[in-house]
Amino acid sequence: MTLGWSTIAVALTCAAVVMLPGISSDPLPNVPIRHTVGGRNFWNSNVNYTEWALKEHVYKGDWLYFVFDKTQFSVLEVNKTDYESCNSNHVLHDYTRGGRDVVQLNETKTYYFISGNGHCFGGTKVAIRVEDHPPPPKAQPMKNSSPPTFRGHILVPALFAVAALWDSLLLLV
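Using mature numbering (1 follows the signal peptide of the UniProt record, and there is no 0), the letters of the sequence shown correspond one by one to residues -25 to -1, 1 to 148.
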C-alpha cells in the first residue's frame, strides 16, 4: 500500500497543529502600532483630542494616522508655544498630503500637531507623548535546579512528524 501526497500533507499538518500549543500567542514586542488620530472622529473640529491622546499608549516607532478633508484641514507639526497659541507661521513639518496621512514617531518626546486655516482654534490640535517601549518581562525563576525538559511540547510531535514523513517516503520507493 502506498501513501499519496495527500496523506503526507495530512500527517505533517497534524504534527504542526500538535506543535502549535508550544508556541507563544503573545503579541510581538516593539511592533509599531498605527493610531488613528481621534479614533472614529478622525481629524476634525470640535473633537477633544486631549482626551483621545490620554487613552493612547504611544511608543517610539509607532505611527499616527490622520484622516481628514484635505481641502479644509492640514497636519502641521509645531513647537509647544505655537501649539498653545495655534500659530501656524513656524511649522516644523507639514505632513499634509492627501487626507489619509501618516507620521512615524521616531523620537521619544512630545509631538505637537495643529491644523491650519483657523481649525486649531476649533480644537483641531493634539499633543502626543511618545515613550520608549517598556522592557520585556523578566523570565520566571526556575523552581528547581534541574535542567529544563521539553516534556513533549515540541520534541515528541516533531519526532512523530519526521517518522511519518520517513515512513511515507519509504513507501513511495
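Cβ coordinates follow ideal geometry from the N, Cα and C atoms, glycine included.
Residues that DSSP places opposite residue i in a beta bridge
{"i": "Leu39", "result": "His10, Val78"}
{"i": "Thr85", "result": "Arg104"}
{"i": "Tyr34", "result": "Glu106"}
Bounding residues of the beta strand (DSSP E) (the contiguous stretch that carries residue i)
{"i": "Glu52", "result": "51 to 53"}
Residue i, DSSP secondary structure in three states
{"i": "His68", "result": "strand"}
{"i": "Thr99", "result": "coil"}
{"i": "Asp57", "result": "helix"}
{"i": "Asn16", "result": "helix"}
{"i": "Gln47", "result": "coil"}
Cβ pair residue i, residue j closer than 8 Å
{"i": "Glu52", "j": "Tyr24", "result": "no"}
{"i": "Val50", "j": "Trp18", "result": "yes"}
{"i": "Val42", "j": "Thr11", "result": "yes"}
{"i": "Val101", "j": "Ala28", "result": "yes"}
{"i": "Asp107", "j": "Thr83", "result": "yes"}
{"i": "residue 151", "j": "Lys55", "result": "A question about residue 151 goes unanswered here, because the residues of the chain that appear run from -25 up to 148."}
{"i": "Val6", "j": "Leu39", "result": "no"}
{"i": "Ser20", "j": "Gly91", "result": "no"}
{"i": "Ile103", "j": "Cys61", "result": "no"}
{"i": "Gly36", "j": "Asn81", "result": "yes"}
Residue i - containing alpha helix (DSSP H), residue span
{"i": "Glu26", "result": "24 to 30"}
Neighbour flag for residue i against chain D, beta carbons, 8 Å
{"i": "Ser90", "result": "Among the protein chains of the structure shown there is no chain D, as only one such chain exists."}
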